[in-house]
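Right, dumping it as structure tokens:
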């Protein structure tokens, strides 16, 4: 591999401060927007177009030539045309030999074609040095300068030098180039801008479904039941009271669902006696969306906290409080302090506050910049240890809060349990199984399996 | 050192674990601080100085030689002198030929000189491989190790190899090098450390001005008016009551101002029938500081939330509550629950909580690390869709809160409206115009314009 | 631009979309996990093993050969064996000449060996191009795909080309390579995964110790004293009342401790008359953990805020409130509004809220992604100016809150001061000294010293 005759300096802009000419094939919206921006940043721009008539849509400082002429004027050619028309480039293969050809195209659907557009382009132009870039930036953003969003431009290509040239242009336009490696990454780069929170879809729909179910459940028990049997119109409960019942329940269930797949995975591994067989598909997917489930749980927990704190300001609560006090005053007596009550009330509040505190802590470490600055051991410590502390505290919070009602028949309207009882099922199950799993007699084989040991090596053949 | 026959490998420190010698021109504060740090990290340091007398300020392990001698001892020369004295380097041009010359200088003002210091240096020393680096680090930080701040060192230069050598030193000093491309970036790098939140200036001054105005307005209506006409001394209102009136008003107005320029831009584009003419300058600037306006609005909203939650603890509120209860008790009657009141109170609280929740969500996505990890489509979804949901919820919160007072004459002290009525002007205007803009007959031409279509192509010539 | 004789292109995967073969030495857990993952990502994998018998633990698509044979099949050899067994590689030195050899090993302790494993490997194989990588990823994470954690792979090596090849593989596996420079960085990279929040150790233990002390102190004064002398059982205070006394005290003390070392450093520099002598070791260490101290203080402050906001919901507080109201009602009188009280209550709440607000602001700027996007001047502004504003507001909050009790003998149970009085010592001391330091007659020499001036240059010789 001889590197001595090359040199890297050739690719850097010379010190005379002049930017090299850039050629853009295609005068569509994105081609024009990019040209505008480049001229603004000091690059001479030449458009390659079928008709060389100067269209007034094209930035007025740009030249318009035929494709072949334009390509000869520049070392970098940006292909701002649709993939379907790429084949018109085939006759230009000779002109583009050795040139840096930048593919900026996007598709309309994920994995629309078997190979990425950039790879397809590289096949059409064997001599060209194809670089994928700019596809994550929108024409509108380029035009309006509204780039508070992602300034990141993913760049990939097989030729380091060509990639460097493109990355320099990206930087000059005020954007941040991110080298994604060889052209193989083009497929992923082209799929990237088409996604809309793909990992969030399942957790969000699950939460919406559960929330709707619990809302109807509470509506029946708290509003309709009271209206029918006690003749009280508590319809305003649907603004705060019922949401504040649903939020903690959702938070606890979702938090349980974050730790359930880990526990299931451990059981499966113990049962199979090996870690070298894939988990069932649903478990794999579930494990991959734990972070999202956890963050939605945190959102519900935060809403619960605010709904709770706001309660003394509520008109209804103030009315209820004064009713109680007036009743005592009119009866001429003061109730003594109920110590048990004081203990219960203070402990479930304290448990809830601490649980929420740890929950927020775990949430902060899942911010990308924070999780990138901790190592694997630290991340495990926070997400696993602190996560379980959170789960234990929140479960205890719910148990202490509702404890005295479990055995009281009045808590079962229409023979249905209150929803906080339902919410305890998942987290309690997780905690019980986890408790079993940390017993040495279970933990030891599990650790061995995770270190690569196999119980029945013959099986896996 | 002959570099033309080398060879990227030459630039890596050889495996014998020895760091290459670094030469520093200039024994000023930063030169000494850098030398200290480099010696600490294992680099042999040679100072180039006019007088070769060993000054005791210089780290004692460093050698001090004449400029020419010092330069010959090292492959990397760091120029730690002021730009005004760069011309003394001209006679050394031959000695510095092929060497890596690092410009670390800063200016006192933005764009003080027509060209950046590094480019000026490159002109003075045509044979040297000039790299810009280290200008964003302070001598004091280097010395004291107090580098919790930005460990980022921007590096730029036309010679890849030279840049790599400098970036290796940066890493060895425990700092993070960031390749900013060719020497053209030097101007920006030199301007960077001179800025003090440039994008925040206008939003902050606007907020301070509005806050001052609303404070005086509230002071007049709530404290002075009450004192003059009702003979009540409510001077303590300036601690919590008035701030808690100003904060929500400011939050709502600023949130409206975040979405106003987008709506104005759409109107201008519809009127002009093209997107290829620049917006007026003030609109461009306004659009660029939307993020800052939004974050300040979020800060006011958070303060409003805390001020509201704290109210049951306030001495005044507790006194008012007990006064009300005692009055009822002494009259021997209990007021029944006012259902309308309960509904109003609960719904404006619920609307406020939800609005605040979405506001925080939008705020979190504007954290750099989060907005970098979402693509353009996701960012638009959060900032635009969720942002409008926030605006609608917050406006509704204010409308429901104040609804019943709009028509009550007692709400107009001195014939002036209460400030929350003022706060509704901007957000309501934005929402009404936005509502018009999403009608298909308006939305369709706008979408076409944004995709590059022009109504009167002849005009733009 | 002639590129055909160069060539960087050689190292890029060719456009035929085939991944190059990778050889893995060692069939231990990590070797197998990495092989599995690589095969999944399209890399042909060859294992080099002592016994070439096909073990069923090895991914079934992989070939297993002798070390020498395997090495000949690939350009990249990953060494997945323990450092203790590296010497068996010596006979293979000739086969590995020119190959890219990737060291992925970790140690069990920090700085276990004098030189890093990768450097040791480079010494054993003088002709190989050694790259350090993959040591920060766990086998379990690779296997299970649970890579929500750090996807960062630190890569270092003296050969740029070899490093690029490894970084391309890292990217292909869906991980993020981070170039850390030459092989000298290997020591640090190997130490990285062994750390468990090293900077947090001292601040956390200090906080735990102080918290325990204050807990016992409060338990004695608030629970035991009341029980013994006033015969009241306030045991439930340990759930909320006492934590809510400890949290603000801890927050204030820790916040004081964040700014104390800066003040001490200034005094030391003034006394010594130079900045070129190292601070005592304890001061250096203290300064380095200021961020952690500040964040723990913020955590305590947040808990204090929530504990305070929650108080109107507490059973005990509601009982106490109604007792007070009923007593007034039964006595047939309404107490008038106590203006002083209203002022005091509102101002300490407002001071606390503002202090907390600025505290959170300072906390947000210490998120890695935020502090990376501000320059040194902006960071100093936030951390120093806003930090002192926070300290002043929080101290004032405490002073106003407790003001009237300082002179009251009933506040001194068992002749001991209340803990909030103790909490004022550190912050008041810091503020007083800082106030002295900003006087021009003190500030001027200090500034000169920090710019490199020395009072007694002869001393430092």
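Residue numbers (full-length UniProt numbering), protein chains in the order written: chain A, 1 to 461; chain B, 1 to 461; chain C, 1 to 461.
Glycine residues also receive a C-beta, built at the ideal position from the N, C-alpha and C atoms.
Around the beta carbon of residue 387(C), 16 or more other beta carbons lie within 10 angstroms, which makes this residue buried. By the neighbour-count definition (other C-beta atoms within 10 Å, threshold 16), residue 326(C) is a buried residue. Distance from residue 349(A) to residue 313(C) at the Cβ level is roughly 7 angstroms; contact confirmed, criterion being Cβ atoms closer than 8 angstroms.
Put simply, of 91(B), 425(B), 68(B), 162(B) the residue whose alpha carbon is nearest the alpha carbon of residue 103(B) is 162(B). Taking C-alpha positions only, residue 120(A) is separated from residue 86(A) by approximately 9 angstroms. For residue 172(A), the neighbours in chain B by C-beta distance under 9 angstroms run, in chain order, 181, 182, 184, 185. Judged by beta-carbon spacing, residue 175(C) lies beyond the 8 angstroms limit of residue 156(C), meaning their Cβ atoms are not closer than that value. In this model, residue 446(B) and residue 455(B) are separated by some 11 angstroms (Cα to Cα).
Leaving aside the five residues that flank residue 450(A) on each side, the residues in its chain whose CB is nearer than 8 angstroms to its CB run, in chain order, 269, 275.
By a beta-carbon distance limit of 8 angstroms, residue 244(A) contacts residue 307(A). Their separation comes to about 4 angstroms. Secondary structure at residue 428(B): helix, using DSSP grouped into helix, strand and coil. DSSP places residue 43(C) outside both helix and strand once states are collapsed to three, so it counts as coil. Under the three-state reduction of DSSP, residue 156(C) is assigned to strand. Exposure of residue 444(C) is indicated by the presence of fewer than 16 other C-beta atoms within 10 angstroms of its C-beta. Under the three-state reduction of DSSP, residue 281(B) is assigned to helix. Rounded to whole angstroms, the Cβ separation of residue 304(C) and residue 218(C) is 14 angstroms, and the two are not in contact under 8 angstroms.
A distance below 8 angstroms between beta-carbons, with the five flanking residues on each side excluded, links residue 429(C) to the following residues of its chain, in chain order: 256, 260.
Against chain A, the CB of residue 100(C) has no partner CB under 8 angstroms away; the residue lies outside that interface. For residue 222(A), no chain B residue has a C-beta closer than 8 angstroms to its own C-beta; the minimum C-beta separation is roughly 13 angstroms. In this structure the region 58-75 of chain B lies against the region 17-29 of chain B, because at least three pairs of beta carbons, one per stretch, are closer than 8 angstroms. Identification of chain A residues near residue 357(B) by a Cβ-Cβ cut-off of 9 angstroms yields 299, 302, 303, 306, ordered along the chain. Nearest CB-CB separation between residue 381(A) and chain C: below the 8 angstroms threshold. Within the region 237-271 of chain C, contact with chain A at the beta-carbon level (separation under 9 angstroms) is assigned to 237, 238, 239, 240, 241, 243. Only residues of its own chain outside the window of five on either side were considered, and among them 223 have a CB closer than 7 angstroms to the CB of residue 235(C), listed in chain order.
Leaving aside the five residues that flank residue 293(C) on each side, the residues in its chain whose CB is nearer than 7 angstroms to its CB run, in chain order, 203, 254, 257, 258.
Taking a contact to require three or more Cβ pairs closer than 8 angstroms, the region 208-215 of chain C and the region 375-391 of chain A do not qualify as touching.
Per DSSP, reduced to three states, the secondary structure at residue 166(C) is helical. In the DSSP annotation of this structure, the continuous segment of the beta strand (DSSP E) that includes residue 65(B) starts and ends at 63-65. In this structure, the beta-carbon distance from residue 377(B) to residue 198(A) does not fall below 8 angstroms. Between the alpha carbons of residue 191(C) and residue 372(A) lies a gap of roughly 16 angstroms. DSSP links residue 102(B) through a beta bridge to 78(B), 131(B). Taking 7 angstroms as the cut-off between beta carbons, none of the residues of the region 40-70 of chain A comes near chain C. Residue ranges of uninterrupted alpha helix (DSSP H) with 4 or more members, entirely inside the region 220-272 of chain C and ordered along the chain, are 225-229, 243-272. In terms of beta-carbon proximity, residue 203(C) stays away from the interface with chain A, with every pair separated by 8 angstroms or more.
At a cut-off of 8 angstroms between beta carbons, residue 398(C) makes no contact with chain B.
With contacts defined by Cβ atoms closer than 8 angstroms, residue 160(C) and residue 76(C) do not form a contacting pair.
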